Structure formats: structure tokens, C-alpha cells
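S.K.:
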Amino acid sequence: MAADITVNMQPHHLTIAEAMRTIVSFDGEGRLIVAFRNGVNYVRGLSGDVLQKRVLAPGQKERRKLPDEERRRVLAELLTWSQQMIEHIAATASPAERDWFDRIRRWDVDRLEAERERFRMVYKPISILPPDQYRALVLQATEGCSWNRCHFCTFYRDRAFRIHSPGSFRTHIQRVKEFVGAGIGLRRAIFLGDANALIIPQPRLRELLQVVHEEFRIGPQADFKGIYAFLDIFGAERKTLDEYRELAAAGVRRIYLGLESGDETVFRLLNKPGSPAEAIEAVRTIKAAGIAVGVILLVGAGGERFAHDHVQHSLAAIAAMGLGPEDIVYLSPLIIPTDTPYLAQLQAFDSRPLSDEAIFEQFNQLKQGARMVVGTGAKVVIYHIEEFVY
16 MAADITVNMQ
26 PHHLTIAEAM
36 RTIVSFDGEG
46 RLIVAFRNGV
56 NYVRGLSGDV
66 LQKRVLAPGQ
76 KERRKLPDEE
86 RRRVLAELLT
96 WSQQMIEHIA
106 ATASPAERDW
116 FDRIRRWDVD
126 RLEAERERFR
136 MVYKPISILP
146 PDQYRALVLQ
156 ATEGCSWNRC
166 HFCTFYRDRA
176 FRIHSPGSFR
186 THIQRVKEFV
196 GAGIGLRRAI
206 FLGDANALII
216 PQPRLRELLQ
226 VVHEEFRIGP
236 QADFKGIYAF
246 LDIFGAERKT
256 LDEYRELAAA
266 GVRRIYLGLE
276 SGDETVFRLL
286 NKPGSPAEAI
296 EAVRTIKAAG
306 IAVGVILLVG
316 AGGERFAHDH
326 VQHSLAAIAA
336 MGLGPEDIVY
346 LSPLIIPTDT
356 PYLAQLQAFD
366 SRPLSDEAIF
376 EQFNQLKQGA
386 RMVVGTGAKV
396 VIYHIEEFVY
């Protein structure tokens, strides 16, 4: 094997590297999943989208999904390089490595691109996941968002809200398993989609979770470590402590809530359902049932006029939740789509968006403040929605 080419074979993925200048990884089906080349990182999702990430300057990163022509060109370059490396080292590779190489050789750009249509036959668009769930196996128990009226969000405007029946959910799961194939080994958790799946009434939710357990092994020593999902605040307040305990017994390990802001006025400006006080109560109830939480704050919410109150009241809300080591506080810089009512709402409240510099400053205020109020408890991490591709 050439000294400058290395192969790292793991149970569920294989990586080929050339002197650490170019690195390409493949899933169990042989599909390209991530790459590094010429100082640029690429992530290819099951959807077929390719996210490019590169550092432009200290503290400045570019994140973008590649358009069609550029995506095909990049994939062609990475696959050509991979085939050349495989040919160079195949003669000295182990039988297990050669089996991986055979799987990789079956893929060309046209076949990778054909996966995009296959994905659309299996899934509605997967708009967003929490950062720690980017590699989860998404099962869309619901489609869309039952609220779908937040002023800053356009993720689910393209679809009506729908809850699967047990039968249609099982069919969906079986199609997911067929599509993902041997790549499923990379997926160590189940994420119930979409936006707030746990709002499903408990009797139906019980049935859907039973289907999940019939299709997958879930537990500390099993293929999947647990079940995770979003839940909006107006849904969170409707479940009882006993219902959350039932979810914990069914393998639900963490529930993600979009608090966005602990300030009442900013909360209304965003048109979030519920209230910060209800969010605090919901988190306490969820945690009392033995389920961890992920609490999301929007950096920049409310703009200039409410910047101080947004920070102070958000930190007060986080402090009141009693978060622990299994919990996460996410700080998500607000990205404002042009086709939302958010900017008009800011103007109506006599405010305007924060500058990039002010966003950066507020992020640091929230990060330092949140770490102080949670102490050695919850993690505090960035949640940049432009870094997501599924």
C-alpha cells in the first residue's frame, strides 16, 4: 500500500485519505457521505444535497448547499479521485477492504443523483434537526408542523400537517429501511419527525412507538440508543407527568423545545405558541419524568430594541428550568428569510435587526451567561441552521 494513501475501515463506514490532503468517507452501501479536499469540507446527505463548508478568514465561515451543476462536478471529482486511489492500492488491500471497494465502485454521479428522486419517494423534506441528531434515522410519524405560524420560520410552509396511522407509518419505515440499506449502521438514534411529533395524542403516539419498537432494537446495548423528537410549547403543556413517564419507558431520551426567547414581548413578536412560563413548567415536567431536554434560544430575536431584555429574561428562564448534565442549551443565530412576517413585526414593535457584530456579541453574552446559570450541568452549544443537510 502506498505510504501516502491510508484506508480506515470501520464497521459502518470506510475512509480513504491521501497524505491527509484529500479525505473521502463512504457508508455501508458505498455511498459518498463526507469529504475534505483543497481545504474545503463537503457533506452529502441522504437527500442528495451537498453542503460545502470552508473557512474564509478567522471567525468567518462559508456554508452553502451546492447548486445542481456544481454539485455534480464536485461529486465527479471526488468519485474519480476515489476510484484512482482504489486502483492504486487494491492489489495490496485486505479481502474486507476489497469488498468495500467493490461497493464504492458501483456508484457514479448519475446513480448518486438518482438517489435524490428515491429520497423524495420516501420522505417529505426534512427541514431541520438538532445538531446532535444530524446522523439520526428520521422516521416521519408526522409531516409538517401543527402550528406553522411562527413569524421567523418557513421550514414547513410547503406541506399540511399530518399524523400517520400505524399502518401508513409502518409502510414509511419499511421504505426508509430499504432506501438507507446498509448505511443504516451510521444511524445510532431514532428521530421522530417532523416539527413537533410528540404533540400526537397519547393513544396514537403509543401505537406509533410500538411500531418503531417492532421494527428496530432500541436500548443502551441495542442498534439504536434511543428516540428523540421536537415538541412545541403549546404541545408540551398538554402532556401529563405520567404520559412523559410512559414516553421515557418507551425509549424517548431527549425532547427538543424551541423556547427562542424568555422575554414575553419577544415571544409574542415571534408568534410562538405558549409562553416562556409554560416552557419552564413543561421542561420541569419532562425532566421529572426522566427525559432530557434540548432548549433552543434564538440569538438576535427581537432585534435592537429588545436585545437586553431578550438576553436577561432568556437566561432567567434557563436558570429556572433546573437543567442537568444530560440537557443541552442551543444558541441558534437567527437567519431571517425574506418571505416571513418577522421583519414587518420588528418594525411594528419599533425595532430593527441586529448587525452581524451585534449578533456575535449577543451570542457571547448568552453563551457565557448560560454557562454560568447551568454551572457544571447542561452543555451550551451553537446551533447554526445553515450547517444542516440530511
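The opening residue of the sequence shown carries number 16 in this note's numbering; numbering runs sequentially from there. Note that the Cβ used here is the ideal one computed from N, Cα and C, for glycine as well. Note that the structure is predicted; figures quoted are calculated from it, not measured.
Would Phe378 and Pro348 be called neighbours here (beta carbons separated by less than 8 angstroms)?
M.R.: In this structure, Pro348 lies closer than 8 angstroms to Phe378 by Cβ.
S.K.: As a quick exercise: from Val404, Ser142, His187, pick the residue whose alpha carbon is nearest that of Ala156.
M.R.: The shortest C-alpha separation from Ala156 is found at His187.
S.K.: Name the DSSP beta bridge partners of Phe51, please?
M.R.: According to DSSP, which records beta bridges pairwise, Phe51 is partnered with Ile38, Asn56.
S.K.: Hey, out of Leu71, Glu33, Val89, Ala72, whose CA is closest to Arg59's CA?
M.R.: If we check each option's Cα against that of Arg59, Val89 comes out closest.
S.K.: For Gln225 and Val137, what's the separation of their Cα atoms in angstroms?
M.R.: Their backbone Cα atoms lie some 21 angstroms apart in a straight line.
S.K.: To the nearest angstrom, report how far apart Met16 and Thr107 are at their CA atoms.
M.R.: Confidence at Met16 is low in this model, with a pLDDT of 46, below 50, so its placement is unreliable and the value that follows should be read with caution. Looking at the two C-alpha atoms, the distance is approximately 6 angstroms.
S.K.: Which ranges would you report for the alpha helix (DSSP H) in the stretch 255 to 285 if only whole runs of at least 4 residues count?
M.R.: Counting whole runs of 4 or more residues, the stretch 255 to 285 contains the alpha helix (DSSP H) stretches 256 to 264, 279 to 285.
S.K.: Report yes if the CB atom of Ile350 is closer than 8 angstroms to the CB atom of Glu319, and no otherwise.
M.R.: Their beta carbons are not under 8 angstroms apart, which means Ile350 does not touch Glu319 by this criterion.
S.K.: For the alpha helix (DSSP H) that contains Pro368, what are its first and last residues?
M.R.: No alpha helix (DSSP H) contains Pro368, which DSSP labels as neither H nor E.
S.K.: Could you compute how far the alpha carbon of Leu256 sits from the alpha carbon of Leu272?
M.R.: Rounded to whole angstroms, Leu256 to Leu272 spans 17 angstroms at the Cα level.
S.K.: Rounded to whole angstroms, what is the Cα-Cα separation between Ala212 and Glu33?
M.R.: Rounded to whole angstroms, Ala212 to Glu33 spans 43 angstroms at the Cα level.
S.K.: From which residue to which residue does the alpha helix (DSSP H) around Phe184 run?
M.R.: 181 to 195 is the span of the alpha helix (DSSP H), which, as asked, contains Phe184.
S.K.: Can you grab the Cα-Cα spacing for the pair Leu71 / Asp123, in whole Å?
M.R.: Whole-angstrom Cα-Cα distance: 30 angstroms.
S.K.: Can you tell me where the beta strand (DSSP E) holding Phe245 begins and where it ends?
M.R.: 242 to 245 is the extent of the beta strand (DSSP E) around Phe245.
S.K.: Could you give the distance in angstroms between the alpha-carbon of Val65 and the alpha-carbon of Val404?
M.R.: Straight-line Cα distance between these residues: approximately 7 angstroms.
S.K.: Ignore the nearest five residues each way along the sequence and tell me which others in Arg120's own chain have a CB closer than 8 angstroms to its CB.
M.R.: Taken in chain order, the residues that qualify are Gly45, Gln98, Ile101.
S.K.: Distance check for Phe282 and His27, CA to CA, integer angstroms please.
M.R.: Going by the C-alpha atoms only, they are around 43 angstroms apart.
S.K.: Quick one: is Ser370 buried, meaning 16 or more other Cβ sit within 10 Å of its Cβ, or exposed?
M.R.: Result: exposed.
S.K.: Just to confirm my understanding: we take Lys68, look at its own chain, exclude 5 residues before and 5 after, and list those with CB closer than 6 angstroms. What are they?
M.R.: Result list for Lys68: Asn56, Arg78, in chain order.
S.K.: If you draw a straight line from the C-alpha of His323 to the C-alpha of Gly208, how long is it?
M.R.: Roughly 34 angstroms separates the two Cα atoms.
S.K.: Near Thr21, which residues of its chain fall below 7 angstroms by C-beta distance, leaving aside the five closest residues on each side in sequence?
M.R.: Closer than 7 angstroms at the Cβ level, and outside the excluded window around Thr21, lie Ala32.
S.K.: Could you have a look at Arg113 and say whether DSSP puts it in helix, strand or coil?
M.R.: Three-state result, Arg113: helix.
S.K.: So is Met35 buried or exposed if we call it buried at 16+ other beta carbons inside 10 Å?
M.R.: Met35 comes out exposed.
S.K.: In three-state terms, what does DSSP make of Thr21?
M.R.: If DSSP states are grouped into helix, strand and coil, Thr21 belongs with the strands.
S.K.: Does Met336 pass the burial test, meaning 16 or more other C-beta atoms within 10 Å, or should it be called exposed?
M.R.: Classification of Met336: buried, given that the 10 Å Cβ count is 16 or more.
S.K.: Count the other C-beta atoms from every protein chain shown that fall within 10 angstroms of the C-beta of Glu158, then say buried if there are 16 or more, exposed otherwise.
M.R.: It is buried - the Cβ of Glu158 has at least 16 other Cβ atoms within 10 Å.
S.K.: Given a cut-off of 8 angstroms on the beta-carbon distance, is the pair Ser62 and Ile143 in contact?
M.R.: Taking 8 angstroms as the Cβ cut-off, Ser62 and Ile143 do not qualify as a contacting pair.
S.K.: Can you tell me whether Arg86 is buried or exposed? The criterion is at least 16 other CB atoms within 10 Å of its CB, across all chains shown.
M.R.: Its Cβ being crowded by 16 or more others within 10 Å, Arg86 is buried.
S.K.: For Gly392 and Asp247, I'd like the C-alpha separation in whole angstroms.
M.R.: The straight-line gap from Cα to Cα measures roughly 23 angstroms.
S.K.: Can you grab the Cα-Cα spacing for the pair Val298 / Val308, in whole Å?
M.R.: Val298 and Val308: Cα-Cα distance of roughly 7 angstroms.
S.K.: Can you tell me which residues form a DSSP beta bridge with Arg79?
M.R.: Its beta-bridge partners are Gln67.
S.K.: Look at the alpha carbon of Ile301 and the alpha carbon of Phe116, and state the distance between them as a whole number of angstroms.
M.R.: Roughly 46 angstroms separates the two Cα atoms.
S.K.: In the DSSP assignment, find the alpha helix (DSSP H) that holds Phe167 and state where it starts and stops.
M.R.: Unbroken run through Phe167: none, as it is neither H nor E.
S.K.: Just the Cα atoms here: how many angstroms apart are Val195 and Ser161?
M.R.: Distance between the alpha carbons of Val195 and Ser161 is about 28 angstroms.
S.K.: Measuring CA to CA, which of Tyr243, Gln362, Arg172 is closest to Leu284?
M.R.: That would be Gln362, whose Cα lies nearest to the Cα of Leu284.
S.K.: Nearest CA to the CA of Pro291: which residue from Ser276, Ala304, Ala303, Gly305?
M.R.: Among Ser276, Ala304, Ala303, Gly305, the Cα nearest to that of Pro291 is on Ser276.
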